Amino acid sequence: MSDEWIEIYDGVFFITISTLLFGCIGLSIKYCLRSKCDNINLCFGLITVHRNVELEVQEEMKEMELGIKDDESKE
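Taking the working numbering as reference, the numbering of the sequence shown is continuous, increasing by one, and the terminal residue is 99.
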């Protein structure tokens, strides 16, 4: 049974699935970093992160004043 399954789904299938998985993980991380949440709780409070959002906003304002562009705006 397992040999038939491996023959049906070849390497291209697994590469495609892993690419989609890593792409979704990457977009999720990018979204989390762009969000302005200051308190984040993961695993029902097991992991707690407190971010200084005001400092990040001040840095973004300085970058805008100096004309420094993100990697996204270069595309």
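Glycine residues also receive a C-beta, built at the ideal position from the N, C-alpha and C atoms. This one's a predicted model, so the numbers in the text were calculated from it and none came from an experiment.
Query, Result
"Terminal residues of the alpha helix (DSSP H) in which L165 lies", "This structure gives no information on residue 165, because the portion of the chain shown stretches from 25 to 99."
"Among I32, E28 and L57, the one whose alpha carbon lies nearest that of G81", "Here residue 81 is Val; the residue named in the question, Gly, does not match the sequence. When only C-alpha atoms are compared, the closest one is L57."
"Minimum C-alpha distance to N76 - residue among G69, E84 and L70", "E84"
"N-terminal and C-terminal residue of the beta strand (DSSP E) that N65 is part of", "N63 to L66"
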